[in-house]
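The next block holds one structure in the form of structure tokens; read it before the comments.
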Amino acid sequence: DAKTTQPPSMDCAEGRAANLPCNHSTISGNEYVYWYRQIHSQGPQYIIHGLKNNETNEMASLIITEDRKSSTLILPHATLRDTAVYYCIGSSGGSNYKLTFGKGTLLTVNP
Amino acid sequence: NAGVTQTPKFQVLKTGQSMTLQCAQDMNHNSMYWYRQDPGMGLRLIYYSASEGTTDKGEVPNGYNVSRLNKREFSLRLESAAPSQTSVYFCASSGAGGAYQPQHFGDGTRLSIL
């Protein structure tokens, strides 16, 4: 699995866009970039994933650079409930994939 | 729609005691996983089961055993609990087919070993 690097913490004002960066310079061609988040005391929650194209769903957008060495998760209008630890994970796809969680980024959304 | 259900939610054990953590999912998923999370750390995979009848070791399997009882249930057993196994344990499941299936997590079992 690709090693990923994320800043340990970030702040964002409520209502503004939160842009969470992730570096995955060693990612291989068949590895997806997955994003999960963990709100305090809860189990991780899947957000979005992508291979090489930008992706958007009801929760967030994922922008992957053309060389696939980095990506950015965008929460377009952050709310207080988005305060959580966000994990960027590189892993092969398929039904038996295993996720390797690092320490992630603690995003604090401030009023 | 319950998703992934873990029992118990909290447990305190004495060193040397044994116990089984239970996990059940109602999403008809093929794959199930057990993770542990220590304070300030990310999750680490203990064991996983790609399908009913199969189990494989993850990153930190020592001191644990698992049983895939049926498609719905995947249990984690501590035979002789040690203080180093104090942690929050998460169970997850994922479906089969297609290029990707996200993992769905339970709310965890908080285990303290004295």
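Taken in sequence, the protein lines are chains A and B. When you number the first sequence by the working numbering, it's gap-free, plus one each residue, and the end is 125. When you number the second sequence by the working numbering, it's gap-free, plus one each residue, and the end is 115. C-beta: ideal position from N, C-alpha, C; glycine also.
Legend entry - Nearest residue (CA-CA) to A:Val47, options A:Thr19, A:Arg30, A:Gly29, A:His54: In the first sequence, the residue the question calls residue 47 of chain A occupies position 33. Taking only the C-alpha atoms, the option nearest A:Val47 is A:Thr19.
Inset, instruction - Check the Cβ-Cβ distances between A:Gln56 and every residue of chain B, and say whether any is below 8 Å. - result: Indexing the first sequence from 1 puts residue 56 of chain A at position 42. Yes, A:Gln56 counts as interfacial toward chain B.
Inset, instruction - Determine the DSSP secondary structure at B:Gln86, reduced to helix, strand or coil. - result: Counted from its first residue, the second sequence places residue 86 of chain B at position 85. Helix.
Inset, instruction - Establish whether the CB of A:Tyr100 and some CB of chain B are separated by less than 8 Å. - result: As a position in the first sequence, residue 100 of chain A is number 86, starting the count at 1. Not one chain B Cβ lies under 8 Å of A:Tyr100.
Legend entry - A:Ser109 versus B:Asp57: straight-line alpha-carbon distance, rounded: Counted from its first residue, the first sequence places residue 109 of chain A at position 95. Counted from its first residue, the second sequence places residue 57 of chain B at position 56. A caution first: A:Ser109 carries a pLDDT of 48, below 50, which makes its placement in the model too unreliable to give a value.
Legend entry - Sufficient close CB pairs (3 or more, under 8 Å) joining the region 70-90 of chain B to the region 7-22 of chain B: yes
Legend entry - Residue range of the beta strand (DSSP E) that includes A:Gly64: Here the question's residue 64 of chain A lines up with position 50 in the first sequence. 59-64 is the extent of the beta strand (DSSP E) around A:Gly64.
Legend entry - First through last residue of the beta strand (DSSP E) which encompasses A:Asp25: By 1-based counting over the first sequence, the position of residue 25 of chain A is 11. Taken as a continuous stretch (DSSP letters only), the beta strand (DSSP E) holding A:Asp25 covers 23-27.
Inset, instruction - Give a yes or no on whether the C-beta atoms belonging to A:Pro125 and A:Glu45 are separated by under 8 Å. - result: Counting from one through the first sequence, the residue named residue 125 of chain A turns up at place 111. Counting from one through the first sequence, the residue named residue 45 of chain A turns up at place 31. No; because the gap between Cβ atoms is not below 8 Å, this pair is not in contact.
Legend entry - DSSP-derived helix/strand/coil call for A:Ser109: Taking the first sequence and counting its residues from 1, the one referred to as residue 109 of chain A is at position 95. Residue confidence for A:Ser109 is low, a pLDDT of 48 falling below 50, so the modelled location carries little weight; the figure read from the coordinates is stated next. Correct three-state label for A:Ser109: coil.
Inset, instruction - Using 10 angstroms around the beta-carbon of A:Thr79, count the other beta-carbons present and answer buried if the total reaches 16, otherwise exposed. - result: For the purposes of this step, residue 79 of chain A is taken as the residue at position 65 of the first sequence. Label assigned to A:Thr79: exposed.
Inset, instruction - Taking 8 Å as the cut-off, decide whether the C-beta atoms of B:Leu44 and A:Lys112 are in contact. - result: Here residue 44 of chain B refers to the residue found at position 43 of the second sequence. Here residue 112 of chain A refers to the residue found at position 98 of the first sequence. Result no, Cβ atoms of B:Leu44 and A:Lys112 do not sit closer than 8 Å.
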